[in-house]
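Inspection log for the structure reproduced underneath, given as structure tokens.
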Amino acid sequence: MTKRRKPRATRQCLKRGHSNEPRDPLSEARRRYAREWSEGNARPFVEQGHYEWMAGFLTGSGAVLEIGAGDGSSTAALLSSARSVISVDENPACLRLAETNLAQQALPVRYEQREQIHRAPGGYRVRYTTLVLDRPHCGALLVEGDPLTDPGLAEWLIHVGPFDAVACWLIGTYFEHIANTALAALPIRNPSEYREVLLHRIAVLASRILAAGGRLQFVDRGVLPKIPGDREAAAEHYRRLVRGTGLVLSALDHRPYNAPGQGFGMAVRDAGPSDDRTTTKAFISAVFLKPR
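Its first residue numbered 480, the sequence shown is counted upward by one per residue in the working numbering.
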């Protein structure tokens, strides 16, 4: 029988998913999402060079804000193009996995736990502790937070800014997330609407924290455009997401990829054509500039 190593005292607060406390549906869903995203998406994306392609659009960045840590593979790719990355995720299971993966690659990493969950009628609500950290000079700072329900996060990011780039790649969620009562006040009824509301909120935030000339990058799953009208439809979709922010679409690129064989509760909306002219799946990268 393998003897389980006792966690270090400084890491005990990060081991909630492995304690003797009763398991609850929310924690189980978060762990399942993190595990399935890592095994079914992130690992093959690393092997096929997709994250490297995404990060290539942000080469030369000093400080980057990443929304959605995944298992840390995207964060590691960003650190190949940037000096420091603050990666925000509302799923602690993803952040714990990202911390482990980045440390295994000998990348400087710190994880800031802020979430306090309270049961509420019909679901749960989250309160986040106040952030008093400085922006890291190098490496990754992983932060629990939610751009949709955490006003203190935006205030802190403005305080520690400006940033050279904001990246939001392949954003997704899990079904149980809709039980967060704070989301009830937002126009969200399905994963597609969750994605659009979140991306618009990120665009508004980026317009406030980016340095002049800074870049915002969205990467989504879609299908490979086949005619000029398909590309323009995708461009118009992204322009609508940043409407009212002053950000300007500067580049729209596509990269074919092999879709995973199983869905993982992803909040996916095709930004390209929606008919059956093509079955070739593609990542769509949209880069916006903050005017100087």
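Beta carbons are placed, not taken as given, at the ideal position from N, Cα and C, and that holds for glycine.
Are there 16 or more other CB atoms within 10 angstroms of the CB of residue i, so buried, or fewer, so exposed?
i    : result
N520 : buried
H529 : buried
D503 : exposed
A599 : exposed
C617 : exposed
P670 : buried
A738 : exposed
P630 : exposed
E711 : exposed
Would you mind stating whether residue i and residue j have Cβ atoms separated by less than 8 Å?
i    : j    : result
P587 : A619 : yes
T724 : S764 : no
L558 : S517 : no
L726 : V676 : no
A556 : A534 : yes
V698 : F762 : yes
Start and end of the beta strand (DSSP E) containing residue i?
i    : result
Y603 : 602-607
Y784 : Because the chain is modelled from 480 through 771, residue 784 falls outside the range shown and cannot be assessed.
A561 : 561-568
R694 : 689-702
A508 : That residue, A508, is in no beta strand (DSSP E); its alpha helix (DSSP H) goes 504-516.
Nearest-angstrom Cα distance between residue i and residue j?
i    : j    : result
F524 : V611 : 34 Å
R614 : V639 : 6 Å
L537 : Y673 : 25 Å
T608 : H597 : 13 Å
R700 : L665 : 24 Å
S729 : I546 : 20 Å
W635 : R680 : 16 Å
Go to residue i, then tell me how far its alpha helix (DSSP H) extends in each direction, as first and last residue.
i    : result
F524 : 522-526
Q583 : 571-583
- prompt: Counting pairs of beta carbons, one from the region 504-516 and one from the region 559-573, are three or more of them closer than 8 Å?
  reply: Output reads yes: the region 559-573 touches the region 504-516.
- prompt: Counting Cβ pairs closer than 8 Å, one from the region 539-554 and one from the region 642-657, do we hit at least three?
  reply: The answer is yes - the region 642-657 touches the region 539-554, with three or more Cβ pairs under 8 Å.
- request: Decide yes or no for the touch test of the region 655-670 against the region 690-709: beta carbon pairs closer than 8 Å, at least 3 of them.
  value: The region 655-670 makes no contact with the region 690-709; the number of CB pairs closer than 8 Å stays below 3.
query: Can we say the region 621-628 touches the region 557-567, given the rule of at least three CB pairs closer than 8 Å?
result: Result yes; three or more Cβ-Cβ pairs closer than 8 Å.
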